[in-house]
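Asks: Numbering (my numbering), first residue to last: 17 to 1222.
Virtual Cβ for every residue (Gly too), placed ideally from N, Cα, C.
What follows is a single structure, and I will ask about it in a moment.
What follows is the structure, given as structure tokens:
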């Protein structure tokens, strides 16, 4: 707007005229100066004077001569007073060159009367600063000056001559002012200069284009109308006739705004450019701080509040500047909206946030506005502590160390670090947590105390802040061993005998390591027998860790011993535990009587010498004299055995009780301290016993016995001291035939059960041999002959019960059965003829029309009996047709049923076997997978899918859940057995995994490792200790018996924190080409397994080689024994059928068992030996002989009693 107004004024202005003439600026001052358009200044102190010494010479010596000029006389003027002479306003169409001359003279030479200044005033602008000046000592000569004015249309300018007095006398003068219409010859001119706009504190750069070439004599600078000047920074040629001079106005402020022009001084004068405007803008600054709208862990939301500002606009850019309160500048972020999210911040950090506003041009960004102070939230820890390791292990403490971490991990200045550890104590898992205070050191660590020795501890670090939790990896460590705890007092058991004590104990509950040995010290404390010298009854023994029992021998009877037991690890012995046991007293030692000759004898009396007995463990409490009448009896089969008389019988009661003996006297111990004579039959009473006279016509044996009583025990020893009469021998013992009869019955029936199972299994191989043989007739003939011999050679006890075919038929036809309290008849029979036998055989035992037997036959775990509502009539039909129902057999009728099945070449067994489904009867897809084929020993004996044992899968191992094993139900116990193949080298680890996972306590092995030169099973147990990946198996005990071996293992699994005891029962009495020679051996093996299996254990693992034949045989026998005991019946057929539904071909072709057990000569010899042993054991049923009785008998159940078995 100012420029437009200036142009209008310039265009409409009229130059000053005198008498209508336009002033051009030239003036020689010969005429009045006003005629040239010149004028005096209005605001000066004094006036310029016009002089013409050509017309009127001056007497003043310092006045110029022969000249017309304008002058200023400084005489009488004060310093600083000014006088101005104004030229007319000039308007140029091009560049002007103004030439004038000036003169300076003083009262004396070298004086300085004042300063001559030349101003170029553009348009109506202020006077500004002189563009040229003359100062210094006066030299009274005229000098010429060029003034190159470059003010372009439509601008106009006016030149002002100013004289400034110094207070000295003299004069200053100008003359011959000439305005040329061309450029000056010696002083350069300027082209247009452009205005500059900058922001405060920036450098304003002006460029002036100068005509000519740069010369060293030229001095260029930038002149501001306000007085600020700037030197030339550089020159840059444009072409050969022009160059550009650059000027910088540095560090501009708002006050530097104004008009600037270029000035050049030469040795001839001065050049002046036109004015250009410098505009300095103040960058904008917000008045208010930003406002916080939302906070996160890594961001802050703000509202700018940038509408109110200090400074100049327009605003072209907004920025957010943020810095940490405790740190340096972080970053600037451009903003294009009124709200902004500052992201990627550090959690839990305080920030100062300001808004920056920018206007155009460099330096247009203002200072930051008022700051907003805000703090971010905490963030989840970056990760858990790393490189956790155990650096020190002791028995009750461990020290862990980890990699140090700082804020970059915690992401919060407020956090805590804890150590969390787990261990097992008292059978349950315990978890503890402790705070770690050492978190800032270079090597942080923490010590966990109060741990149990030799305990697996799992340790991890937990890093927490208000926003989250991060954990380290788990580190497992086993604390060091320590001395063990005490052996549990309640575990110490002692079996006391007369001269020995069997001590048993368990290892300490707190082993605190691996038990190396036990120390057992013993010492005799006291004895019932005061005559014993106990000083030498002490000692000490050491036992290995796997030995938790010891038999102390050579002890004194009736003596109390103190036992001190303590266990040790590598760290030493633990605390002792003390217990006491007392040996049993022994019977007194009777004196020797070499001859049984009395001191005196009459018809009614016998006098003998009674000697004192020697006490053994307890003093003799009393002596007794016993008279036994000798009665005639038949000859004994066994040697005479002396018996004592613990039950006192008076003479008066002997006849009533039909007793052969009576007590005739009882004498206190004090009466027989030395040998004394005693008369039997003196008709006196001794301690309540009548010493009756002996009868002359009878024969007697006189016995003398001593009695010791202590600690609730009574022991007796006796000796025969005399006989009277001619028949002086001891009464016969009970006839062994009568006492053995009951035992024979029991053994016979149980052998019959086993025999039935064995014969049934034996038929299988016979049938297969019949199918494969080319000469069937020869095979049938041989089989019939063998069966005939078997029948003829059966035990007498079987014969007495009617076990041959003829007697069995007679029994079937006439016998009326009692089953479960009901009477059942069997009228149906049929006739069958063979080459060797002609007999009538009943079909089975069926109830009549009026009686019904009900039971569930769908599973082995249920009772086994059958229901029939209609009487069956069978005539002229082969026995045991396929598809015919197979009822359970009563134990009482088992022998007859076996005989019936054996008749006709064992056709009944063959028919039953052929009714079984042979081969696969259920899917077995898992076993057929390629990755599982190598886990099967035989390709046709593999695991069904529906009943197979599934192992826990191992990560990264395909099909690791497969093992060739199936669950089999027991009697009323689902999944009581696991039938599996003998482990191979590739499946040993899987086998032990299965044993652990199923919590098995018993393994039954019914095969040898090698048979007939072929490997049947891999040796899957160690001789000492073996590691199977994460399973540790240790053999702790081996018990060798005649037909089997019992091995006890300690099994551990890594990370399980427990040790299990597992027993393996290995039946070794199975020969390569046959079966066990004695049925009682196998039956005893089964009973031993049952008695040693814990009730709360998992399934019993049974295996042979394939896991079908002998395995099935064992399981069938075990189930049938349970059924016989509970129900009084056996159901072998349905048992085998159920087994085959669980595993293929169970009870396969074990006919070898049948053939060996039925070998006539061997069976007869074995039975004779068995009967002899039974007679020996029944001769004297005293306490010392109980261990000789047969171990396996028919259970004493109501069923057995009904059928006369017990």
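Span of the alpha helix (DSSP H) holding residue 1151?
Replies: 1148-1158 is the span of the alpha helix (DSSP H), which, as asked, contains residue 1151.
Asks: Could you have a look at residue 294 and say whether DSSP puts it in helix, strand or coil?
Replies: Here residue 294 sits in strand by DSSP.
Asks: Between the region 624-641 and the region 712-724, do three or more beta carbon pairs fall short of 8 Å?
Replies: Flag = yes, the region 624-641 and the region 712-724 touch.
Asks: Checking 8 Å against the spacing of the C-beta atoms, do residue 571 and residue 551 come in under that value?
Replies: In this structure, residue 551 does not lie closer than 8 Å to residue 571 by Cβ.
Asks: Given a threshold of 16 other Cβ atoms within 10 Å of its Cβ, counted over all protein chains shown, does residue 828 qualify as buried or as exposed?
Replies: In this prediction, residue 828 scores a pLDDT of 36, lower than 50, which makes its location untrustworthy; no coordinate-derived value is stated.
Asks: What does the alpha-carbon distance come out to for the pair residue 247 and residue 129?
Replies: So the two alpha carbons sit approximately 30 Å from each other.
Asks: For the region 933-997, list the alpha helix (DSSP H) runs that are entirely contained and at least 4 residues long, ordered along the chain.
Replies: DSSP runs (the alpha helix (DSSP H)) wholly in the region 933-997: 941-944, 946-949.
Asks: Just to confirm, are residue 87 and residue 187 a CB contact at a threshold of 8 Å?
Replies: Closer than 8 Å, so yes.
Asks: Determine the burial state of residue 1020: buried for a count of at least 16 other Cβ atoms within 10 Å of its Cβ, exposed for fewer.
Replies: Per the 10 Å Cβ criterion, buried.
Asks: In terms of alpha-carbon separation, which member of 623, 134, 671, 1082 lies closest to residue 98?
Replies: Checking every option, the nearest Cα to that of residue 98 belongs to 134.
Asks: Can you tell me the Cα-Cα spacing of residue 366 and residue 396, whole angstroms?
Replies: When rounded, the distance between both Cα atoms is 18 Å.
Asks: So the candidates are 941, 297, 1135; which of them puts its Cα closest to the Cα of residue 984?
Replies: Of the listed residues, the one whose Cα sits closest to residue 984 is 1135.
Asks: Compute the Euclidean distance between the alpha carbons of residue 356 and residue 274, then round it to the nearest angstrom.
Replies: Their backbone Cα atoms lie some 40 Å apart in a straight line.
Asks: Is there at least one non-hydrogen atom of the ligand PLP closer than 7 Å to the beta-carbon of residue 442?
Replies: This structure does not include the ligand PLP; it has no bound ligands of any sort.
Asks: Give me the Cα-Cα distance between residue 914 and residue 905, rounded to the nearest whole angstrom.
Replies: Spanning the two alpha carbons is a distance of roughly 10 Å.
Asks: Under DSSP, the alpha helix (DSSP H) around residue 1134 begins and ends at which residues?
Replies: That run of the alpha helix (DSSP H) goes 1125-1143.
Asks: Quick check on the DSSP output: the alpha helix (DSSP H) that includes residue 155 runs from which residue to which?
Replies: Not the alpha helix (DSSP H): residue 155 falls in the beta strand (DSSP E), residues 155-166.
Asks: In angstroms with no decimal places, state the Cα-to-Cα distance between residue 371 and residue 272.
Replies: If you take the alpha carbons of residue 371 and residue 272, they lie about 27 Å apart.
Asks: List the endpoints of the continuous alpha helix (DSSP H) containing residue 720.
Replies: Looking at the DSSP string, residue 720 is not in any alpha helix (DSSP H); the run it does join, the beta strand (DSSP E), is 716-726.
Asks: Would DSSP call residue 526 helix, strand or coil?
Replies: Residue 526: coil per DSSP, three-state reduction.
Asks: Would residue 456 and residue 400 be called neighbours here (beta carbons separated by less than 8 Å)?
Replies: Contact: no.
Asks: On the three-state DSSP scale, how would you describe residue 45?
Replies: Three-state DSSP puts residue 45 in coil, outside helix and strand.
Asks: Would residue 369 pass as a contact of residue 388 if the rule is Cβ separation under 8 Å?
Replies: Taking 8 Å as the Cβ cut-off, residue 369 and residue 388 qualify as a contacting pair.
Asks: Enumerated in chain order, which unbroken segments of the alpha helix (DSSP H) with a length of 4 residues or greater are wholly contained in the region 346-429?
Replies: Complete alpha helix (DSSP H) runs here, min 4: 423-426.
Asks: With 16 other CB atoms within 10 Å as the buried threshold, where does residue 201 fall?
Replies: Residue 201 comes out exposed.
Asks: Please report how far the alpha carbon of residue 569 lies from the alpha carbon of residue 1050, in whole angstroms.
Replies: So the two alpha carbons sit approximately 30 Å from each other.
Asks: May I have the straight-line CA-CA distance separating residue 508 from residue 1123, to the nearest angstrom?
Replies: When rounded, the distance between both Cα atoms is 40 Å.
Asks: Take the Cβ of residue 1121 as the centre, count every other Cβ of all protein chains shown within 10 Å, and call the residue buried at 16 or more, exposed below.
Replies: The residue is buried, with at least 16 neighbouring Cβ atoms inside 10 Å.
Asks: Kindly provide the ranges of any alpha helix (DSSP H) runs that are 4 or more residues long and lie completely inside the region 62-107, ordered along the chain.
Replies: Those alpha helix (DSSP H) runs which fall completely within the region 62-107 and span 4+ residues do not exist here.
Asks: To the nearest angstrom, report how far apart residue 407 and residue 1081 are at their CA atoms.
Replies: Rounded to the nearest angstrom, the two C-alpha atoms are 46 Å apart.
Asks: Between 66, 593, 1098, 117, which lies nearest to residue 580 when the distance is taken from Cα to Cα?
Replies: Closest by alpha carbon: 593.
Asks: Is the beta carbon of residue 404 sitting closer than 8 Å to the one on residue 416?
Replies: Cβ distance < 8 Å, so residue 404 and residue 416 count as in contact.
Asks: Return the Cβ separation of residue 115 and residue 160 in integer angstroms, given the expectation that the two are a contact with Cβ distance under 8 Å.
Replies: Confirmed, Cβ separation roughly 6 Å.
Asks: I need the DSSP call for residue 562, collapsed to helix, strand or coil.
Replies: Residue 562 falls in the coil class under three-state DSSP.
Asks: Along the chain, which unbroken stretches of the beta strand (DSSP E) at least 3 residues long are found entirely within the region 258-290?
Replies: You should have 258-265, 274-281, 285-289.
Asks: So if DSSP puts residue 228 in a beta bridge, which residue, or which two residues, is it bridged to?
Replies: Residue 228 pairs with nothing; no bridge assigned.
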